[in-house]
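Q: Residue numbers (the working numbering): 39 to 308.
Think of the CB as a built atom: it goes at the ideal place given N, C-alpha and C, for glycine as much as any other residue.
I'd like to ask you about the structure that follows.
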């Protein structure tokens, strides 16, 4: 690989533009519209499945928890709190041990893949959310348009997440559709970068939703009586604004957690 091209922006731009020289305008439009349609389809199916899975899991766990608490309190009476604490401790320790055993048995190639996925999710979370203090990030880019637009209903709700996911899936689908037509960049380095984006954009999406979760949760300012309210929502109490921030945070983490489970389902359906 010629490393002289690694930092050559104009080379990569011309290389990317050359990918589309093989197509007519109609073919380019077709690739873009197919990619956009696929992105919209998968995004909304993904979110529907996420909410459905969460509600099922929440209902099942709530029923199990209520039954467990009823049985424990009935049998242990005043000793029930100690019993609950010890049971939670045992379950936590057992799960950690199982994860440790699973990690040790995992082949090196799978460990490497898991670490790469973890790094992608972590970087995406920090970039979108706004670093370790969750200040700034993508939601607070609304400050660029003026302080009066800060915390509006687009940048500080899941609408932003939908838009970012659509954009990431759109880019990924364009690369997939170009690959199906046998079109690849001349640069080996750029080819590897595009292949990485194509294969790992799901993890970036997962990290993006986690970043929004942490950012919105911090903006909810749950442990204070006051919160900077949403722009354009007048006449509502501080509690309503807090609940709206918190609700968007909860939805964001639901979408993040269920991302991988949905991927297999959607691929099977496709």
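Could you pull the start and end residues of the alpha helix (DSSP H) that residue 276 belongs to?
A: Against the chain shown, residue 276 aligns to sequence position 238. Start and end: 276-295.
Q: Mapping DSSP to helix, strand and coil, what is residue 190?
A: For the purposes of this step, residue 190 is identified with residue 152 of the chain shown, where counting begins at 1. Coil, per DSSP.
Q: Which first and last residues belong to the alpha helix (DSSP H) in which residue 93 is found?
A: For the purposes of this step, residue 93 is taken as residue 55 along the chain shown, with counting starting at 1. Where residue 93 is concerned, the enclosing alpha helix (DSSP H) stretches over 63-114.
Q: Pair every Cβ in the segment 208-225 with every Cβ in the segment 116-128, then say whether three or more of these pairs are closer than 8 Å.
A: Using a Cβ-Cβ distance cut-off of 8 Å, the segment 208-225 and the segment 116-128 are not in contact, since fewer than three pairs of beta carbons, one from each stretch, lie closer than that value.
Q: Count the C-beta pairs between the segment 252-269 and the segment 168-185 that are closer than 8 Å, then say yes if the count reaches three, no if not.
A: With the cut-off at 8 Å, the segment 252-269 and the segment 168-185 touch.
Q: Please state the DSSP three-state secondary structure of residue 222.
A: Here residue 222 is taken as the residue at index 184 of the chain shown, counted from 1. Coil, per DSSP.
Q: Please work out which residues of its chain come closer than 8 Å, Cβ to Cβ, to residue 236, disregarding the five sequence neighbours upstream and downstream, and give them in chain order.
A: To locate residue 236, count along the chain shown from 1; it is residue 198. Only 210, 213, 214, 217 meet the Cβ criterion.
Q: Which residues mark the beginning and the end of the alpha helix (DSSP H) in which residue 138 is found?
A: Within the chain shown, residue 138 is the residue found at index 100, counting from 1. Where residue 138 is concerned, the enclosing alpha helix (DSSP H) stretches over 118-143.
Q: Does chain D have any CB closer than 7 Å to the CB of residue 217?
A: Annotation note: the requested chain D is absent from the structure, which comprises a single protein chain.
Q: Answer with buried or exposed for residue 186, where buried requires no fewer than 16 other C-beta atoms within 10 angstroms of its C-beta.
A: For this step, residue 186 is matched to residue 148 along the chain shown. So residue 186 counts as exposed.
Q: Report the residue from 86, 159, 92 whose alpha carbon sits nearest the alpha carbon of residue 249.
A: As a working note, residue 249 is residue 211 in the chain shown. Selected option, being the one with the closest Cα: 159.
Q: Are residue 189 and residue 265 close, meaning C-beta to C-beta below 7 Å?
A: Here residue 189 corresponds to residue number 151 of the chain shown, with the count starting at 1. Here residue 265 corresponds to residue number 227 of the chain shown, with the count starting at 1. Not closer than 7 Å, so no.
Q: Are residue 121 and residue 114 close, meaning C-beta to C-beta below 7 Å?
A: Locating residue 121 in the chain shown gives position 83, where the first residue counts as 1. Locating residue 114 in the chain shown gives position 76, where the first residue counts as 1. Yes, Cβ-Cβ distance for residue 121 and residue 114 is below 7 Å.
Q: Measuring straight from C-alpha to C-alpha, what distance separates residue 163 and residue 112?
A: The residue labelled residue 163 in the question sits at position 125 within the chain shown. The residue labelled residue 112 in the question sits at position 74 within the chain shown. Between residue 163 and residue 112, the C-alpha separation is close to 44 Å.
Q: Once DSSP output is grouped into helix, strand and coil, what is the label at residue 56?
A: In the chain shown, the residue the question calls residue 56 occupies position 18. In this structure, residue 56 counts as helix in the three-state DSSP scheme.
Q: Please state the DSSP three-state secondary structure of residue 199.
A: The residue given as residue 199 occupies position 161 in the chain shown. Helix at residue 199.
Q: Which first and last residues belong to the alpha helix (DSSP H) in which residue 173 is found?
A: Working through the chain shown from its first residue, we reach residue 173 at position 135. Neither: residue 173 is in no alpha helix (DSSP H) and is coded neither H nor E.
Q: Do residue 166 and residue 276 have their CB atoms nearer than 7 Å?
A: Here residue 166 is taken as the residue at index 128 of the chain shown, counted from 1. Here residue 276 is taken as the residue at index 238 of the chain shown, counted from 1. Contact: no.
Q: If you compare alpha carbons, which of 78, 79, 69, 191 is closest to residue 283?
A: Here residue 283 refers to the residue found at position 245 of the chain shown. Of 78, 79, 69, 191, the residue nearest in Cα terms is 191.
Q: Using a Cβ-Cβ cut-off of 7 Å (strictly less than) and excluding sequence neighbours within five positions of residue 287, which residues of its own chain qualify?
A: The residue you call residue 287 lines up with position 249 of the chain shown. Correct list, in chain order: 251, 254, 255, 258.
Q: In terms of alpha-carbon separation, which member of 272, 230, 83, 281 lies closest to residue 262?
A: Sequence index remark: in the chain shown, residue 262 carries index 224 (1-based). Answer by Cα proximity: 281.
Q: Would residue 195 and residue 180 qualify as a contact pair, given that the criterion is a beta-carbon distance under 7 Å?
A: Residue 195 sits at position 157 when you count from the first residue of the chain shown. Residue 180 sits at position 142 when you count from the first residue of the chain shown. Against a cut-off of 7 Å, the Cβ pair of residue 180 and residue 195 comes out as no contact.
Q: Spatial neighbours of residue 66 within its chain, please: CB distance less than 8 Å, with the 5 preceding and 5 following residues excluded, ordered by chain position.
A: What you label residue 66 is simply residue 28 of the chain shown in a count that begins at 1. Same-chain partners within the cutoff: 58.
Q: Apply the 10 Å Cβ neighbour rule to residue 306 and answer buried if 16 or more other Cβ atoms are within range, or exposed otherwise.
A: Working through the chain shown from its first residue, we reach residue 306 at position 268. Unreliable positioning characterises residue 306 in this predicted model, as indicated by a pLDDT of 45, which lies under 50. A coordinate reading is not provided.
Q: So residue 199 and residue 293 are in contact, right, with Cβ under 8 Å, and what is the actual spacing, rounded?
A: Position 161 of the chain shown, counted from the start, is the residue given in the question as residue 199. Position 255 of the chain shown, counted from the start, is the residue given in the question as residue 293. Confirmed, about 7 Å.
Q: Taking the straight line between their C-alpha atoms, what separation do you get for residue 139 and residue 117?
A: Against the chain shown, residue 139 aligns to sequence position 101. Against the chain shown, residue 117 aligns to sequence position 79. In a straight line, the C-alpha of residue 139 is about 33 Å away from that of residue 117.
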